[in-house]
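So the sequences go chain by chain: W and X. Numbering that gives the first Met the number 0 numbers the first residue of the first sequence as 0 and each following residue consecutively. Numbering that gives the first Met the number 0 numbers the first residue of the second sequence as 0 and each following residue consecutively. First comes the structure, then the notes that go with it.
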Amino acid sequence: MFAKRLFRNKLSLFGLAVVIILVLVSFLASYIQPYDPLKISISNRTQGPSKTHTFGTDHFGRDIYSRVLSGTKISLTVGIVSVTLGALIGIILGAIGGYFGGWIDYAITLVMDAIISFPAVLLAIGLMSVMGLGVTNIIIALGFIGIPHYGRIVRGAVLSIREKEYVEAARASGSGHLKLLLIHVLPNAMAPLIVVTTIGVANAILIEAALSFLGLGVPPPAPSWGNMLADGRNFLIQAPWMTIFPGLAISFTVLGFNTLGDGLRDVLDPKMKQ
Amino acid sequence: MKKYVIRRLVSVIPVLWLVSVLVFGLIHLVPGDPVLVILGTTAEKDQIEAMRHKLGLDRPILVQYGTWIGNLLQGDLGHSIISDEPVMEMILRRMPVTLTVAAAALLLSLSISIPTGILSALRHNTYTDYVFMGLVILAVSMPSFWLALLFILLFSVELKLLPMMGYVSIFTDFWEGLRYLVLPAMSLAFILAALVARMTRSSMLEVLREDYIVTALSKGTPRRFIVFKHALKNAFAPILTIIGFQIGFLLGGTVVIEDIYSIPGVGRLIFTAITNRDYPVVQGCILMVTIVYVFVNAAVDLAYAYFDPRVSFDKK
Chain W
0 MFAKRLFRNK
10 LSLFGLAVVI
20 ILVLVSFLAS
30 YIQPYDPLKI
40 SISNRTQGPS
50 KTHTFGTDHF
60 GRDIYSRVLS
70 GTKISLTVGI
80 VSVTLGALIG
90 IILGAIGGYF
100 GGWIDYAITL
110 VMDAIISFPA
120 VLLAIGLMSV
130 MGLGVTNIII
140 ALGFIGIPHY
150 GRIVRGAVLS
160 IREKEYVEAA
170 RASGSGHLKL
180 LLIHVLPNAM
190 APLIVVTTIG
200 VANAILIEAA
210 LSFLGLGVPP
220 PAPSWGNMLA
230 DGRNFLIQAP
240 WMTIFPGLAI
250 SFTVLGFNTL
260 GDGLRDVLDP
270 KMKQ
Chain X
0 MKKYVIRRLV
10 SVIPVLWLVS
20 VLVFGLIHLV
30 PGDPVLVILG
40 TTAEKDQIEA
50 MRHKLGLDRP
60 ILVQYGTWIG
70 NLLQGDLGHS
80 IISDEPVMEM
90 ILRRMPVTLT
100 VAAAALLLSL
110 SISIPTGILS
120 ALRHNTYTDY
130 VFMGLVILAV
140 SMPSFWLALL
150 FILLFSVELK
160 LLPMMGYVSI
170 FTDFWEGLRY
180 LVLPAMSLAF
190 ILAALVARMT
200 RSSMLEVLRE
210 DYIVTALSKG
220 TPRRFIVFKH
230 ALKNAFAPIL
240 TIIGFQIGFL
250 LGGTVVIEDI
260 YSIPGVGRLI
270 FTAITNRDYP
280 VVQGCILMVT
290 IVYVFVNAAV
300 DLAYAYFDPR
310 VSFDKK
């Protein structure tokens, strides 16, 4: 039923196709990239797009097409792993807060409100400036920033059905807290969670690109799209292709996850569709 | 309404307290000894001790926090490690620049998005609607810092219409200042405009289907009057929410955009401080921008209560 509705929705179908292509590219990048993305060739530097170098070359003569393909893996890894981390912690905290209520709920809600009070990019910049560069640190920083977005959804879902009769009945028949949460409560939060995590991946990819662009993300010479834009910025006039293609890759990826998220929202919650 | 205003403002206090704890804790996330990270491993022992004492790191952590928050409540964010200037003064000097850029972006985005959203809703399921919504989906996917680079390429390098970088205050020279503001504001406004246009459209669609609108139409009330007087006011509460959410994006984005256009705001200050490992300045900037964000959000909530009075009663 869900799959049928998903495939009927053009928006989600487009997003899904883009995401599948990106996942395939990230796995197959080392086989389909025409050149080594790290190989320096000074004689080939800042060459425009041509038959030999589809997207041109950068200031070190590295093939931009190969670097863009290779960058897919970094972006998807950061996006998906950080969202998974944030969602896992958020779900646990949101469920505990909503289910037990009282001061535990107040404390958890307060922490979530505090995290969400920071402009996300600014908090990411602050965390990366003290933790240091690297993919692992980006994942930790973005995961931390994402926690309240997932936690709030789960807390809301738990609060809305905590007192429902079937939950009371399950409790009376001896179901433990964990079983109640996993079987009766969490499934109710799945639809909004799926939508928010999908759009969360797009946001995480955007913030990772911004951090790398500012020199606070993935350390060079790794072919992260943000790093490539940072390089391109210094050659904006001589070699605009160094800026155009990595930016297009980011936009295409974010577009894919956003449209998938929007499509899933239409499919999972038809009332939202206008 | 008065009670709601007081309650909303009081609710800010615990959040700000926890924000202060998180910002204070930042320096303790530095791997290893933050003093060695600041001074380098070749620093002399007495230099290390002096810096540790200056940063207060030679005292128990609770005492450090107590002193820090006590000073903060008196408007003292410490001194820059590099220039020894008071951090608060450094930030207050640059904050108007950041807020001017953010406000310009917000004004620009609202002037594009609200008419676009209304038009899209009025021409629901027509080509105008499809084109606008297609543009919205595209605009939301483009990183603002990439757009900033493309705008420089187009408007400064190719067309030579606008300055590539730099800043002139609009309070010093309005027209010249405006020329310097256009590209940064456009770079930030694009995504924001797209999100607000989408919300305006869906919110207007919902309101335009309400019975009272149908009744007003059937009584012969002019359509323009209905759209602006009845529909827009009622559709405005959800639009305000999305604007409130996006203020954070705007402030964070401004920090990045300032780096690209060499605008001497808080963003540039943060990056210089990060390069110099000037942690008190980094902490101060993050804290002050977040405080602005928290209060802007509180103001948006209060405005929401004005547009939708049910909000203030719901929370009783």
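A virtual CB, placed ideally from N, CA and C, is assigned to each residue, including glycine.
Would a C-beta distance cut-off of 9 Å place residue i and residue j closer than the cut-off?
| i | j | result |
| --- | --- | --- |
| residue 229/W | residue 141/W | no |
| residue 94/X | residue 254/X | no |
| residue 146/W | residue 124/W | no |
| residue 138/X | residue 256/X | no |
| residue 156/W | residue 97/W | yes |
| residue 251/X | residue 119/W | yes |
| residue 260/W | residue 5/W | no |
| residue 128/W | residue 273/X | yes |
| residue 187/X | residue 298/X | no |
| residue 216/W | residue 30/X | no |
| residue 108/X | residue 191/X | yes |
| residue 178/W | residue 169/W | yes |
| residue 36/W | residue 69/W | yes |
| residue 53/W | residue 33/W | yes |
Going by DSSP, what residue range makes up the alpha helix (DSSP H) through residue i?
| i | result |
| --- | --- |
| residue 131/X | 126-140 |
| residue 19/X | 1-25 |
| residue 168/X | Counting along the chain, residue 168/X falls outside any alpha helix (DSSP H), and DSSP gives it neither H nor E. |
| residue 159/X | Looking at the DSSP string, residue 159/X is not in any alpha helix (DSSP H), and its letter there is neither H nor E. |
| residue 110/X | 86-121 |
| residue 283/X | 278-306 |
| residue 207/W | 189-212 |
| residue 22/W | 9-31 |
| residue 329/X | There is simply no residue 329/X to check, as chain X begins at 0 and stops at 315 in what is shown. |
| residue 237/W | Looking at the DSSP string, residue 237/W is not in any alpha helix (DSSP H), and its letter there is neither H nor E. |
| residue 64/X | 60-72 |
| residue 271/X | 265-274 |
| residue 43/W | Here residue 43/W belongs to no alpha helix (DSSP H), and DSSP marks it neither H nor E. |
| residue 55/W | Segment: none, residue 55/W is in no alpha helix (DSSP H) and carries neither H nor E. |
| residue 228/W | 224-232 |
Can you say whether residue i is buried or exposed, counting buried as having 16 or more other CB atoms within 10 angstroms of its CB?
| i | result |
| --- | --- |
| residue 72/W | buried |
| residue 183/W | buried |
| residue 198/X | buried |
| residue 78/X | buried |
| residue 223/X | exposed |
| residue 278/X | buried |
| residue 7/W | exposed |
| residue 11/W | buried |
| residue 314/X | Confidence at residue 314/X is low in this model, with a pLDDT of 46, below 50, so its placement is unreliable and no value can be given for it. |
| residue 260/X | buried |
| residue 216/X | exposed |
| residue 102/W | exposed |
| residue 105/W | exposed |
| residue 84/X | exposed |
| residue 31/W | exposed |
| residue 208/X | exposed |
| residue 32/X | exposed |
| residue 207/W | buried |
| residue 241/W | buried |
| residue 312/X | Any reading at residue 312/X must be qualified, since the residue scores a pLDDT of 48, below 50, and its modelled position is unreliable; no value is offered. |
| residue 221/X | exposed |
Since residue i and residue j should fall inside the 8 Å C-beta cutoff, what is the C-beta to C-beta distance between them, to a whole number of angstroms?
| i | j | result |
| --- | --- | --- |
| residue 266/X | residue 97/X | 6 Å |
| residue 195/X | residue 241/X | 6 Å |
| residue 47/X | residue 38/X | 6 Å |
| residue 39/W | residue 66/W | No, residue 39/W and residue 66/W are not in contact; Cβ-Cβ is about 12 Å, not under 8 Å. |
| residue 140/X | residue 254/W | 4 Å |
| residue 101/X | residue 249/X | 5 Å |
| residue 304/X | residue 3/X | 6 Å |
| residue 305/W | residue 212/W | Outside the shown range of chain W (0 to 273) lies residue 305/W, about which nothing can therefore be said. |
| residue 117/X | residue 226/X | 7 Å |
| residue 92/W | residue 14/W | At roughly 29 Å, the Cβ-Cβ gap does not stay under 8 Å, so residue 92/W and residue 14/W are not in contact. |
| residue 196/W | residue 82/W | 5 Å |
| residue 166/W | residue 160/W | 6 Å |
| residue 296/X | residue 246/X | 7 Å |
Query raised in the report: Which residue spans inside the region 231-263 of chain X form an unbroken alpha helix (DSSP H) run of at least 4?
Result: 231-260
Report task. Note down, one range per segment and in chain order, each alpha helix (DSSP H) of at least 4 residues found wholly within the region 83-170 of chain W. Result -> 101-116, 119-130 and 134-160
Report task. Let me know the alpha helix (DSSP H) ranges lying completely inside the region 27-57 of chain X, each 4 residues or longer, listed in chain order. Result -> 33-38 and 44-54
Query raised in the report: Counting only runs that start and end within the region 164-223 of chain X, where is the beta strand (DSSP E) found for 3 or more residues in a row?
Result: none
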